[in-house]
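Its first residue numbered 1, the sequence shown is counted upward by one per residue in UniProt numbering.
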Amino acid sequence: MAYIPPHKRHSTDARMASPIPEAMHPQFQRNMNKSGTIFYADQAISKWFAVGLDDDGQFPPHMHLEPISYEYLERKTGEKPLALVNSVVTEEDSKLERNCSKNPWEIIAENVHQELVSSFEILRNEMDDQGSEKIKPTLVARLGKVLFRGSPSVGLESVNKTQVEESTLTKLRRSLYTDIPSSYMENIIDGVVPVIGVDFEGEKDVYTVKLSDNTRPDATISCKCSVLENKKLHLYKVKLNKVRQMVIDVSCLDKNLDLRLMLCSRRILKDLADDEMNSLRDLISSAVVDSYRKGGLKWLLGKTSSCGRYRVIGVWHAITKAYRSSSFRLEARDTDRYDYRTRTGATTREIYLKLKRIVSEIQEPGAESDSISKMLEDILRLIWDNFLCCEGFLT
């Protein structure tokens with residue numbers, strides 16, 4: 001059967017389950033807090049702020065909140081989320097209406113630097129005792145649109161949508177909508193990539209099978225797989241779920257995309273017992289590649305579990321183009337996802353950057369704070385100048 005790229009498949013719920021996280025709290029009662037399939041570390045840092053305020057910290061008069069039609073959140077919460085909308089046509093016009101003494105990337109770096117260092121110090125303590133599960137830290141810059149929804153303390157019906165106040169927005173739950181239009185991805189690949197000094201690294205076609213494990217009730221297992229010539233899946237890496245250490249959302253008032261900086265960690269399982277690996281391989285090899293099925297895989301009836309221990313809870317099929325520089329790795333990804341528990345699927349396009357040089361620097365003994373801050377400013381300026389402009393895609 002001919003392969004159909006994820007973004008070209010027909011689906012009535014293509015935008016139902018984009019990867020939108022639950023709102024987080026600064027600290028958690030347990031070592032790991034789980035919300036759906038998203039996990040947060042103890043003492044995880046969550047922060048939101050806006051860039052583009054005047055020197056008095058006020059929103060410009062051309063900013064307002066607008067309800068957004070997004071079926072997934074509407075079905076889940078019973079209300080339309082809100083997005084900050086700039087009624088001024090151009091970025092330059094927006095800047096003329098206010099006075100700000102600092103560049104936006106400098107403001108973001110100042111607001112992120114200390115939280116990043118603090119979060120990594122906590123993570124470093126875990127990395128010192130790796131055992132058989134090697135911990136891999138990742139710092140990611142994600143592009144999308146910050147959405148706001150009601151919280152226990154503030155309902156959306158009470159929010160003044162024309163007079164935006166930072167104190168109100170900080171009390172609302174927030175999410176990041178990352179499904180970007182094809183025109184944006186084409187502009188990044190054809191227009192931005194040639195001028196920012198990155199080299200094409202390659203394209204990967206990967207299936208990820210997510211499993212529950214009754215011996216690890218507070219974790220999920222991710223099995224990375226490739227397709228062999230006989231159309232069977234080959235399991236080549238086993239990981240535990242990502243754990244979020246820091247999530248900082250930035251509403252960029254002069255742009256039409258927002259930014260999320262996220263530090264997360266993942267444990268790579270290296271010393272699984274033979275019976276464990278055999279069970280995982282048997283479960284993976286019983287999958288059937290089906291380009292018309294959401295997630296790209298299917299199992300025969302009764303074959304989605306193994307030995308009463310592992311059970312399939314989700315599948316991802318991702319085609320990723322990667323570009324590398326000395327400082328970061330840029331990934332453009334088409335993803336087809338299906339969640340067996342909620343029976344919802346989605347196809348999404350995403351652009352994100354893995355900030356590898358900053359992670360390497362911050363892991364070095366005696367890393368200098370000024371050096372990390374300068375690296376943050378440099379990459380944030382590149383992102384601000386090249387990655388935050390997109391045609392309107394939320395209505």
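Glycine is no exception: its CB is placed at the ideal position from the N, C-alpha and C atoms.
Fair warning: this is a prediction, and the values are worked out from it, not measured in the lab.
- Inclusion of P60 and C252 in the CB contact set at 9 angstroms is not warranted, their separation being larger than that value.
- Boundaries for P81: no beta strand (DSSP E) harbours it, and the DSSP string shows neither H nor E there.
- With distances taken between CA atoms, R349 lies nearest to T320 out of T320, I362, D218.
- The beta carbon of E106 is closer than 7 angstroms to those of E377 in its chain, skipping five residues each way along the sequence.
- In this structure, the straight-line span from the alpha carbon of S279 to that of D218 is close to 20 angstroms.
- Bridge pairing for P67: L82 [DSSP].
- In the three-state DSSP reduction, W299 falls in the coil class, being neither helix nor strand.
- In the structure shown, Y292 falls within a coil segment according to DSSP collapsed to helix, strand and coil.
- F49: member of the beta strand (DSSP E) spanning 38 to 51, first to last residue.
- Going by C-alpha positions, R333 is about 6 angstroms away from I351.
- In the three-state DSSP reduction, G191 falls in the helix class (H, G or I).
- CA-to-CA, the gap between D55 and E165 works out to about 15 angstroms.
- Straight-line measurement puts the Cα of F328 at about 19 angstroms from the Cα of M246.
- Rounded to whole angstroms, the gap between the alpha carbons of P137 and G191 is 30 angstroms.
- Around R124, the same chain offers Q363 as residues with beta carbons nearer than 8 angstroms, after the five sequence neighbours per side are excluded.
- With respect to the 9 angstroms criterion, T162 and L65 are classified as neighbours on the basis of their beta carbons.
- One thing to note: F148 has its Cβ within 9 angstroms of the Cβ of R174.
- Spanning the alpha carbons of E361 and N230 requires a straight line of approximately 43 angstroms.
- In the structure shown, I180 adopts coil according to DSSP, grouped into three states.
- By alpha-carbon distance to V250, the top candidate from K47, N386, S286, D42 is K47.
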